[in-house]
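Novice:
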Amino acid sequence: MPPTRRKRLEQPREVVLQAALDAIAESGLDAMTMAALGSRLGISGGHILYYFGSKDRLLVETLRWSEDLLGARRAALLARDVPAAERLASYIDLYLPTGRADPRWTIWVAVHGRSLGDPEVLAAGTEIEQVWAAELRGLVAAGAAAEEWGEPDAAATDAFVARLHAMLDGFALQIVTGTPGVEREQRVGLAVGFARRELGL
11 MPPTRRKRLE
21 QPREVVLQAA
31 LDAIAESGLD
41 AMTMAALGSR
51 LGISGGHILY
61 YFGSKDRLLV
71 ETLRWSEDLL
81 GARRAALLAR
91 DVPAAERLAS
101 YIDLYLPTGR
111 ADPRWTIWVA
121 VHGRSLGDPE
131 VLAAGTEIEQ
141 VWAAELRGLV
151 AAGAAAEEWG
161 EPDAAATDAF
171 VARLHAMLDG
181 FALQIVTGTP
191 GVEREQRVGL
201 AVGFARRELG
211 L
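Residue numbers for the sequence shown follow my numbering, so the first one is 11 and each next one is one higher.
#1: So, helix, strand or coil for ALA41, using DSSP?
#2: Are the Cβ atoms of GLY210 and TRP142 separated by less than 9 Å?
#3: Locate the alpha helix (DSSP H) running through ALA99, then write down its first and last residues.
#4: Does the stretch 188 to 207 touch the stretch 112 to 123, meaning 3 or more C-beta pairs lie closer than 8 Å?
#5: Along the alpha helix (DSSP H) that carries LEU59, what are the first and last residues, could you check?
#6: On a CA-only basis, which of PRO93, LEU98, SER100, GLN28 is nearest GLU77? Give me that one, please.
#7: Are the CB atoms of ALA146 and MET177 nearer to each other than 9 Å?
#8: Can the beta-carbon of LEU79 be found less than 9 Å from the beta-carbon of ILE138?
#9: How about ARG124 and LEU69: do their beta carbons lie closer than 9 Å?
#10: Three or more C-beta pairs under 8 Å: does that hold for the stretch 46 to 62 against the stretch 99 to 111?
#11: Threshold first: 4 residues or longer. Then list the alpha helix (DSSP H) segments lying entirely within the stretch 119 to 180, N to C.
#12: For LEU132, which of ASP163, GLU71, GLY81, ALA33 has the nearest alpha-carbon?
#13: Would you please verify whether the beta carbon of TYR61 is less than 9 Å from any beta carbon of chain C?
#14: Starting from the C-beta of ALA182, find all residues in its chain whose C-beta is less than 7 Å away, skip the five residues before and the five after it, and write them out in chain order.
#15: For the alpha helix (DSSP H) holding ASP66, just list the boundary residues, first then last.
#16: Does DSSP put GLU36 in a helix, in a strand, or in coil?
#17: Please say whether GLU161 and ALA155 have beta carbons closer to each other than 9 Å?
#18: Could you name the residues of the same chain whose beta carbon sits closer than 7 Å to that of VAL198, not counting the 5 residues immediately before and after it, in chain order?
#19: By alpha-carbon positions, which one of GLN184, VAL150, LEU88 ends up nearest to ARG110?
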């Protein structure tokens, strides 16, 4: 039999994704069931599941959508007419979670866990990470062009991006899970200091 066409959502897709993000922020990932989300939107939870295919796919779509919104903010920060070092600090601040249970990072943690058994989820997470990495490489090049720091070769730039993102991901996990004794602003300062030293500032 030919595949059936998916029903259209009664709510715009962005409304569903925002509702999912809000639900995670308010109650956590485990409490964000299809039934609870459907009740929040006044539609059937089964209908949401039918449209997205699975909770994992809904999480990935919510993450992509929230990253698109964040990408617009990141582009605006990186386009400012200020020294590249200042833009780098803003990049780091934007990368890290806003605090414990930050919904975007809560989804990131879930996506990383689910990627172990789902190549599609892994590919989606990798694609998003590559966007951040590409913009960081561009920022390194901009600082070199402005003679704020030396001009590293491609291998050195890739190594810098890998080291900084590894540090930020570790700090992000501490922040989003509420590790005792971890203060967000201190972690931002540590990451900014590390980046400046790596670039010879």
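Quick reminder that beta carbons are idealized off the backbone N, C-alpha and C, glycines included. These numbers were taken from a predicted model, which means no experiment stands behind them.
Specialist: The relevant details are as follows:
#1: To locate residue 41, count along the sequence shown from 1; it is residue 31. Of the three classes helix, strand and coil, the one that applies to ALA41 here is coil, per DSSP.
#2: What you label residue 210 is simply residue 200 of the sequence shown in a count that begins at 1. What you label residue 142 is simply residue 132 of the sequence shown in a count that begins at 1. Not a contact, by the Cβ cut-off of 9 Å.
#3: Numbered from 1 along the sequence shown, position 89 holds the residue referred to as residue 99. Boundaries of the alpha helix (DSSP H) harbouring ALA99: 94 to 105, taken from the DSSP string.
#4: Here the stretch 112 to 123 does not lie against the stretch 188 to 207, with fewer than 3 beta-carbon pairs under 8 Å apart.
#5: Here residue 59 corresponds to residue number 49 of the sequence shown, with the count starting at 1. Looking at the DSSP string, the run of the alpha helix (DSSP H) that includes LEU59 is 55 to 62.
#6: Along the sequence shown, read from residue 1 onward, the residue named residue 77 stands at position 67. Checked all of PRO93, LEU98, SER100, GLN28; the closest Cα to GLU77 is GLN28.
#7: Counting from one through the sequence shown, the residue named residue 146 turns up at place 136. Counting from one through the sequence shown, the residue named residue 177 turns up at place 167. Note that residue 146 corresponds to Leu in the displayed sequence, not to Ala. No. Outside cutoff.
#8: Position 69 of the sequence shown, counted from the first residue, corresponds to residue 79. Position 128 of the sequence shown, counted from the first residue, corresponds to residue 138. Pairing LEU79 with ILE138 gives a Cβ-Cβ distance that is not under 9 Å.
#9: Position 114 of the sequence shown, counted from the first residue, corresponds to residue 124. Position 59 of the sequence shown, counted from the first residue, corresponds to residue 69. Cβ distance < 9 Å, so ARG124 and LEU69 count as in contact.
#10: With a cut-off of 8 Å, the stretch 99 to 111 and the stretch 46 to 62 do not count as touching, because too few Cβ pairs lie within range.
#11: The stretch 119 to 180 is shown to contain whole alpha helix (DSSP H) runs of 4 or more residues at 129 to 155, in chain order.
#12: In the sequence shown, counting from the first residue as 1, residue 132 sits at position 122. Of ASP163, GLU71, GLY81, ALA33, the smallest CA-CA separation from LEU132 is found for GLU71.
#13: Given the protein chain composition of this structure (a single chain), no chain C is represented.
#14: Residue 182 sits at position 172 when you count from the first residue of the sequence shown. The answer, listed in chain order, is LEU106, PRO107, TRP115.
#15: Numbered from 1 along the sequence shown, position 56 holds the residue referred to as residue 66. Looking at the DSSP string, the run of the alpha helix (DSSP H) that includes ASP66 is 65 to 88.
#16: As a working mapping, residue 36 is identified with position 26 in the sequence shown. Reduced to three states, the DSSP call for GLU36 is helix.
#17: Reading the sequence shown from its first residue, position 145 is the one you call residue 155. Reading the sequence shown from its first residue, position 151 is the one you call residue 161. By the CB criterion at 9 Å, ALA155 and GLU161 fall inside the cutoff.
#18: Indexing the sequence shown from 1 puts residue 198 at position 188. Within the same chain, VAL198 has close Cβ partners ILE102, ASP103, LEU106.
#19: Here residue 110 refers to the residue found at position 100 when the sequence shown is read from its first residue. Closest option to ARG110, Cα to Cα, is GLN184.
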